[in-house]
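**Student:** Please see the structure below; I have some questions.
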Amino acid sequence: MTKHELDIAYFLSFCIENYKTYVGMPGDAVMDLFDKYGVSEYLIDNFEVLHTQSPEWILADIDEYIENRRND
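If you're matching positions, the sequence shown starts at 0 in numbering that gives the first Met the number 0 and goes up one per residue.
Rendered as structure tokens:
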């Protein structure tokens, strides 16, 4: 893995762990939610912008992304 790929993997792990705590769900349920709505792909595709934001902003953005996908 390149350094950039590792950075993305660490960021994705950070998002999963923090979102799990934020919503009070077990990790496997968060992964199911992320898979259902394509959240992991969104986070990877937008890593360059998202990783510069605060954890609170990222969590709110994930919530908004999921809500928008639910309504599609």
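The C-beta atom is built at its ideal place from N, Cα and C for all residues, glycine as well.
By alpha-carbon positions, which one of GLY37, PRO25, MET0 and MET24 ends up nearest to ASN67?
**Tutor:** Of the candidates GLY37, PRO25, MET0 and MET24, the one whose C-alpha sits nearest the C-alpha of ASN67 is GLY37.
**Student:** Which value, in whole angstroms, describes the spacing of the CA atoms of PHE10 and ASP71?
**Tutor:** Cα to Cα, PHE10 sits roughly 27 Å from ASP71.
**Student:** Count the other CB atoms, across all protein chains shown, that sit within 10 Å of the CB of LEU5; report buried if there are 16 or more and exposed otherwise.
**Tutor:** Exposed, by the Cβ-count rule.
**Student:** Using three-state DSSP, classify MET0 as helix, strand or coil.
**Tutor:** Reduced to three states, the DSSP call for MET0 is coil.
**Student:** Rank MET0, ALA8 and THR1 by C-alpha distance to the C-alpha of PHE46 and give the top, closest one.
**Tutor:** Among MET0, ALA8 and THR1, the Cα nearest to that of PHE46 is on ALA8.
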